[in-house]
Structure formats: C-alpha cells, structure tokens
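Numbering (the working numbering), first residue to last: 4 to 174.
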C-alpha cells in the first residue's frame, strides 16, 4: 500500500509549462454625484478593473485511462503599497484513505517592498497539472491553498478552492 501511494504521488507532476501569470489592469472611470444638501454636482475619477479576475477553482481538462489532467486557477490582489508576487504553486504530498486520494496545492505569495502601478489591481494565475491515477483509486480530492510567505498569517494557509472528482464506473 505504501508503494502504491508513493507511485500515485510521484505520478503527479507539472506539465512542461510553468505557472502562467497575467496582470489584472484597471482603467480610469469618471463618477458624477450630486450632493443633496447643496444640489451641486461633484465629479471625481476612480479606477475600475478592466481585466476579468479568474475565480479560484480546480477544473478537469481531460481524463484518459489512468491519467487526469486538470487546471489550477485563481487571482491575488496587489496594488498601491501592497505589492504581492506569486513565487510558485507547490504540490504537497496528499493522503490516501481507502480508494480516495487527496492532493494539496499551495500558491506561495510573497510580499515585496515597493509600489505597484496605479493601473495594476492584481494578478491572475493558471497552471496545468497531469496526475497518473492508480487503478484502485476512484475518488480524487484536490485542494488549493493560499500561503503568505513571511507573514504571521502565513502560519495557517487559507483554503480557497476544493474539487472532488469521482471515477466510479457506472454500470
């Protein structure tokens, strides 16, 4: 059983690609408000996001005989004096209980000194993974965590997405 777990976990590897990161841009937006007490019109400029944020999730791309291909995606905020950077998405050995295998992925976020551009609100990330599934595994649970590196709040990574894939044969 230990050998099967080792083979299952060593079979999960990154596709030849690394983490794909794209910037979430903002653009200026003029807002017009009337002040009720004086009935004067007040105009000011604010920023609104132009780029769509990706929702944190795990999506199955394909399932072949004993191979599962899936995509991990999400976003982080970074703007003003809070400059955040994605270091990597790390795979940590999961646990196996009966015919269920749990895989854990951690998005490592590093706070950097500096100032972000006014047009940047954060970053989207995606990563494609391929995992070989042993024959006796019928349920795969994939969990995605955010891990703040070097922060006191980083002691306990935050669960941001969980997906369960059930591969029981239907008769």
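Just so you know, even glycine gets a beta-carbon here, dropped at the ideal spot from N, CA and C.
### Query
Is there contact here, the region 136 to 155 with the region 83 to 103, by at least three beta-carbon pairs under 8 Å?
Remark: three or more beta-carbon pairs, one from each stretch, lie closer than 8 Å, so the region 136 to 155 and the region 83 to 103 are flagged as touching.
### Task
Following the continuous beta strand (DSSP E) through residue 85, name the residue where it begins and the one where it ends.
Taken as a continuous stretch (DSSP letters only), residue 85 belongs to no beta strand (DSSP E), as it is neither H nor E.
### Message
When you compare the CB of residue 159 with every CB in chain B, is at least one pair closer than 8 Å?
### Response
Chain labels in this structure do not include chain B; a single protein chain is all it has.
#### Entry: Nearest-angstrom Cα separation, counted from residue 79 out to residue 149
About 9 Å.
### Query
Does DSSP put residue 137 in a helix, in a strand, or in coil?
Secondary structure at residue 137: coil, using DSSP grouped into helix, strand and coil.
### Message
Suppose the cutoff is 8 Å on Cβ atoms and the five residues either side in sequence are ignored; what does the same chain contact list for residue 43 look like?
### Response
So the list reads 37, once near-sequence residues are dropped.
#### Entry: As assigned by DSSP and simplified to three states, the class of residue 155
Helix.
### CA-to-CA distance, residue 41 to residue 87, given in whole angstroms
Rounded to the nearest whole angstrom, the C-alpha separation of residue 87 and residue 41 is 42 Å.
### Query
Between which two residues does the beta strand (DSSP E) carrying residue 106 extend?
Note, residue 106: beta strand (DSSP E), 103 to 115.
### Query
Less than 8 Å separating the beta-carbons of residue 128 and residue 77?
Yes, the Cβ-Cβ distance between residue 128 and residue 77 is below 8 Å.
### Query
According to the Cβ coordinates, are residue 133 and residue 72 closer than 8 Å?
Taking 8 Å as the Cβ cut-off, residue 133 and residue 72 qualify as a contacting pair.
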